[in-house]
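Sequences listed follow chains A and B, in order. Under my numbering, think of the first position of the first sequence as 6, with each following residue one higher. Under my numbering, think of the first position of the second sequence as 6, with each following residue one higher. We treat Cβ as the ideally placed atom computed from N, Cα and C, and that holds for glycine. Report on one structure; see the data block that follows.
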Amino acid sequence: NSSSYELRKAMGVAQHHDAVSGTAKQHVTNDYAKQLSVGWDACQVVISNALASIGGSKENFMFCTYLNISICPLTEAAHTFVVVVYNPLPRLVNQNIRLPVNGNHYSVTAPDGQAVLNEVIPVSSFTQKVRRDRGNAINELVFQASSPPVGYSSYTISKVPGRNQAHSKLLKRLYEPA
Amino acid sequence: PPAKGIQNEHLRVLFDPKTGLLKEIQNLDKSISLPVSQNFFWYNASAGNDDNEQASGAYIFRPNNSKAFPISQGVHSYQVKTQVVQEVYQNFSSWCSQVVRLYAGQPYVELEWTVGPIPIRDGLGKEIISRFSTNLQTDGRFYTDSNGREILERRRDYRATWNLSQTEPVAGNYYPVNSRIYIKDQKVQLTVLTDRSQGGSSTADGSLELMVHRRLLYDDSRGVGEPLLEPGVYHDGLVVRGRHLILLDTAESSAEQHRLLAQQEFMAPQLVLAPGGGPPYQPG
Numbered sequence: 006n007s008s009s010y011e012l013r014k015a016m017g018v019a020q021h022h023d024a025v026s027g028t029a030k031q032h033v034t035n036d037y038a039k040q041l042s043v044g045w046d047a048c049q050v051v052i053s054n055a056l057a058s059i060g061g062s063k064e065n066f067m068f069c070t071y072l073n074i075s076i077c078p079l080t081e082a083a084h085t086f087v088v089v090v091y092n093p094l095p096r097l098v099n100q101n102i103r104l105p106v107n108g109n110h111y112s113v114t115a116p117d118g119q120a121v122l123n124e125v126i127p128v129s130s131f132t133q134k135v136r137r138d139r140g141n142a143i144n145e146l147v148f149q150a151s152s153p154p155v156g157y158s159s160y161t162i163s164k165v166p167g168r169n170q171a172h173s174k175l176l177k178r179l180y181e182p183a
Numbered sequence: 006p007p008a009k010g011i012q013n014e015h016l017r018v019l020f021d022p023k024t025g026l027l028k029e030i031q032n033l034d035k036s037i038s039l040p041v042s043q044n045f046f047w048y049n050a051s052a053g054n055d056d057n058e059q060a061s062g063a064y065i066f067r068p069n070n071s072k073a074f075p076i077s078q079g080v081h082s083y084q085v086k087t088q089v090v091q092e093v094y095q096n097f098s099s100w101c102s103q104v105v106r107l108y109a110g111q112p113y114v115e116l117e118w119t120v121g122p123i124p125i126r127d128g129l130g131k132e133i134i135s136r137f138s139t140n141l142q143t144d145g146r147f148y149t150d151s152n153g154r155e156i157l158e159r160r161r162d163y164r165a166t167w168n169l170s171q172t173e174p175v176a177g178n179y180y181p182v183n184s185r186i187y188i189k190d191q192k193v194q195l196t197v198l199t200d201r202s203q204g205g206s207s208t209a210d211g212s213l214e215l216m217v218h219r220r221l222l223y224d225d226s227r228g229v230g231e232p233l234l235e236p237g238v239y240h241d242g243l244v245v246r247g248r249h250l251i252l253l254d255t256a257e258s259s260a261e262q263h264r265l266l267a268q269q270e271f272m273a274p275q276l277v278l279a280p281g282g283g284p285p286y287q288p289g
């Protein structure tokens with residue numbers, strides 16, 4: 006049971022010029038962030054309920070808010086998982102997806118059952134430095150997802166056992182200048 | 006060897022073999038080639054001077070000099086080339102790095118920058134910018150948006166409704182950038198889309214810059230009562246990571262490109278994950 010009201014309230018507060026332009030004292034800035042976080046937590050339940058209702062099955066949906074620094078406990082650990090891509094725009098959108106993983110070889114299946122071209126590339130040292138002691142993913146899975154207008158599509162991702170020759174070749178291609 | 010270049014169906018991005026910095030962008034569809042040098046610089050934040058005691062702070066951007074200092078003259082770089090994505094990783098310093106990225110089929114260059122924690126042990130507040138320098142004849146003009154709605158023409162050292170006596174050559178030419186900034190000549194336009202509101206300017210013809218991060222040591226005495234010195238989780242300053250999307254096109258067709266792409270950035274698809282298999286699903 007949840008509501009989008011909390012996030013609406015936080016967004017209302019965040020319209021204040023201090024929040025927009027960053028001219029608040031630090032403890033006020035911390036409070037803006039806290040209110041938005043609480044609102045987003047509530048909205049995750051709303052989105053999960055909506056997806057379960059539309060899809061007809063109750064899933065244990067998860068949200069990864071640290072994908073920009075390659076942290077997602079689910080994708081790092083699971084052998085099989087589903088990525089739901091919701092597109093709020095009224096036109097088809099192709100989105101490049103990057104997920105932190107620890108395997109070297111994955112299969113990605115599109116909604117129509119077709120295999121999707123994907124690559125596994127190493128997490129950069131820049132990202133490893135930024136996330137410090139958080140997150141353990143050594144690789145990122147990259148593929149392009151397509152989502153219908155104001156709708157969603159789900160992609161099934163499975164870890165494939167065995168050594169990925171392409172990945173080994175890729176690692177060889179990484180080099181530093183003298 | 007350092008990275009030389011990356012390419013997809015629409016674009017080719019070349020790098021200077023000596024410095025590793027971005028050197029040129031080519032639009033292969035339109036046969037446009039534009040020399041673009043991109044680097045990160047920092048302005049030394051003013052603590053106030055004899056002319057004016059105004060310090061740079063949360064409300065006020067005021068560098069103590071018009072000159073911006075390069076964070077690095079060159080970068081350590083390496084590249085990754087796959088069928089899905091091609092990337093060049095550039096390391097400017099221990100606190101500034103960037104990935105230049107081209108996804109297959111995408112008509113824009115993605116720059117994902119990571120800046121911070123900004124060092125302040127030298128006692129200097131710093132305002133970090135990403136600057137693009139080109140040979141475009143822009144005649145002091147550049148363009149910024151207002152919340153993605155009206156694009157406004159900005160003219161260096163000029164105000165439309167009064168005679169300006171410019172006393173702050175940098176700060177006096179900075180404008181809010183909510184989603185995009187561009188420069189153009191008669192034929193070619195270079196557009197940069199941001200993923201957040203930033204300050205931006207064109208301090209010289211053919212040049213375009215965006216402020217990506219700042220860390221200051223003095224309060225600007227405008228009411229906040231604190232210097233802009235955010236500690237972050239680890240109490241050594243914030244690290245920020247963001248993206249700039251670069252479009253190179255003709256002046257006529259750029260609007261069609263940047264409006265659609267900015268829409269996609271603003272209302273980006275939302276990812277939700279679930280463990281286990283489950284049938285793939287797409288509503289009809």
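To the nearest angstrom, report how far apart residue i and residue j are at their CA atoms.
| i | j | result |
| --- | --- | --- |
| Lys72(B) | Phe68(A) | 44 Å |
| Ala260(B) | Asp127(B) | 44 Å |
| Pro22(B) | Ala209(B) | 26 Å |
| Asp200(B) | Gly44(A) | 21 Å |
| Glu158(B) | Ser53(A) | 44 Å |
| Asn69(B) | Ser36(B) | 42 Å |
| Lys164(A) | Val155(A) | 30 Å |
| Phe271(B) | Leu198(B) | 10 Å |
| Ala267(B) | Asp55(B) | 43 Å |
| Ser258(B) | Lys9(B) | 29 Å |
| Ile11(B) | Val104(B) | 12 Å |
| Asp254(B) | His81(B) | 29 Å |
| Tyr148(B) | Tyr187(B) | 5 Å |
| Phe148(A) | Ala120(A) | 11 Å |
| Phe74(B) | His15(B) | 33 Å |
Using C-beta distances below 6 Å, list every residue in its chain close to residue i, excluding the 5 sequence neighbours before and after it, in chain order.
| i | result |
| --- | --- |
| Leu104(A) | Thr80 and Leu146 |
| Gly177(B) | Gln171 |
| Ser202(B) | Asn183 |
| Tyr83(B) | Tyr94 |
| Gly237(B) | Leu243 |
| Val88(A) | Tyr160 |
| Asp150(B) | Ile156, Asn183, Ser184 and Arg185 |
| Ala15(A) | Gln40, Leu41 and Gly44 |
Exposed or buried, what is residue i when buried is set at 16 or more other beta-carbons lying within 10 Å of its beta-carbon?
| i | result |
| --- | --- |
| Thr87(B) | buried |
| Ile59(A) | exposed |
| Gln166(B) | The sequence given here has Thr at residue 166(B), not Gln. By the neighbour-count rule (16 or more Cβ atoms within 10 Å), Thr166(B) is not buried but exposed. |
| Glu181(A) | Because the pLDDT at Glu181(A) is just 41, under 50, the model does not fix this residue reliably, and the point stays unresolved. |
| Tyr108(B) | buried |
| Lys189(B) | buried |
| Leu26(B) | buried |
| Tyr239(B) | exposed |
| Gly281(B) | exposed |
| Pro112(B) | buried |
| Pro232(B) | buried |
| Gly167(A) | exposed |
Comparing alpha-carbon positions, which option in the options lies nearest residue i?
| i | options | result |
| --- | --- | --- |
| Thr119(B) | Thr149(B), Thr166(B), Arg219(B) and Tyr187(B) | Arg219(B) |
| Ser212(B) | Val238(B), Ile134(B) and Leu234(B) | Ile134(B) |
| Asp117(A) | Ala24(A), Ser159(A) and Tyr71(A) | Ser159(A) |
| Phe131(A) | Gln203(B), Asn96(B) and Thr139(B) | Asn96(B) |
| Ser61(B) | Thr24(B), Leu169(B), Glu132(B) and Val89(B) | Glu132(B) |
| Tyr111(A) | Arg137(A), Ala83(A), Val128(A) and Arg136(A) | Ala83(A) |
| Thr70(A) | Gly140(A), Ile162(A) and Arg96(A) | Gly140(A) |
| Ser26(A) | Gly204(B), Met272(B) and Glu214(B) | Gly204(B) |
| Ser290(B) | Gln133(A), Asn107(A) and Ala150(A) | Absent from the structure is residue 290(B), since the part of chain B shown begins at 6 and ends at 289. |
| Gln100(A) | Asn107(A), Val106(A) and Asn92(A) | Asn92(A) |
| Val135(A) | Lys30(A), Asn73(A), His32(A) and Val89(A) | Asn73(A) |
| Leu41(A) | Ala57(A), Arg137(A), Gly17(A) and Val87(A) | Gly17(A) |
| Leu33(B) | Val114(B), Arg146(B), Gln191(B) and Glu92(B) | Val114(B) |
| Ile156(B) | His263(B), Val90(B), Gln142(B) and Ser77(B) | His263(B) |
| Glu235(B) | Leu97(A), Thr85(A) and Thr28(A) | Thr28(A) |
| Leu215(B) | Phe45(B), Pro40(B), Val18(B) and Leu39(B) | Phe45(B) |
| Val128(A) | Asn107(A), Ala115(A) and Asp138(A) | Asn107(A) |
| Thr24(B) | Ser98(B), Gly79(B) and Glu14(B) | Gly79(B) |
Which same chain residues, not among the five before or five after residue i, have their C-beta less than 7 Å away from its C-beta?
| i | result |
| --- | --- |
| Leu278(B) | none |
| Glu11(A) | Val43, Gly44 and Ala47 |
| Gly121(B) | Trp100, His218, Gly242, Leu243, Val244 and Val245 |
| Gln269(B) | none |
| Leu169(B) | Asp162 and Tyr163 |
Compute the minimum distance between the beta carbon of residue i and the heavy atoms of the ligand SAH, and state whether it is under 7 Å.
| i | result |
| --- | --- |
| Lys72(B) | In terms of ligand content, the structure shown is empty, and the ligand SAH therefore cannot be addressed. |
Report all residues from its chain with a CB closer than 8 Å to the CB of residue i; omit the five preceding and five following residues, and keep chain order.
| i | result |
| --- | --- |
| Gln59(B) | Ser51, Gly53, Ile65, Arg67, Asp225 and Ser226 |
| Pro153(A) | Asn92 and Leu97 |
Is any beta-carbon of chain D found at less than 8 Å from that of residue i?
| i | result |
| --- | --- |
| Pro274(B) | Looking at the structure shown, chain D is missing, and the protein chains on hand are A and B. |
Item to check | Residues of the segment 116-134 of chain A with Cβ closer than 7 Å to any Cβ of chain B, in chain order | outcome: Residues passing the 7 Å Cβ filter: Pro116, Gly118, Leu122, Asn123, Glu124, Ile126, Ser129 and Phe131.
Checklist entry - In chain order, what residues of the segment 54-85 of chain A put their CB closer than 8 Å to some CB of chain B? => result The segment 54-85 of chain A vs chain B, Cβ under 8 Å: Leu56, Ile59, Gly60, Ser62, Glu64, Asn65, Phe66, Met67, Phe68, Cys69, Leu72, Asn73, Ile74, Cys77, Leu79, Thr80, Ala83 and Thr85.
Item to check | Residues of the segment 90-116 of chain A with Cβ closer than 9 Å to any Cβ of chain B, in chain order | outcome: Within the segment 90-116 of chain A, Val90, Tyr91, Asn92, Pro93, Leu94, Arg96, Val98, Asn99, Gln100, Asn101, Ile102, Arg103, Leu104, Thr114, Ala115 and Pro116 place their CB atoms closer than 9 Å to a CB of chain B, listed in sequence order.
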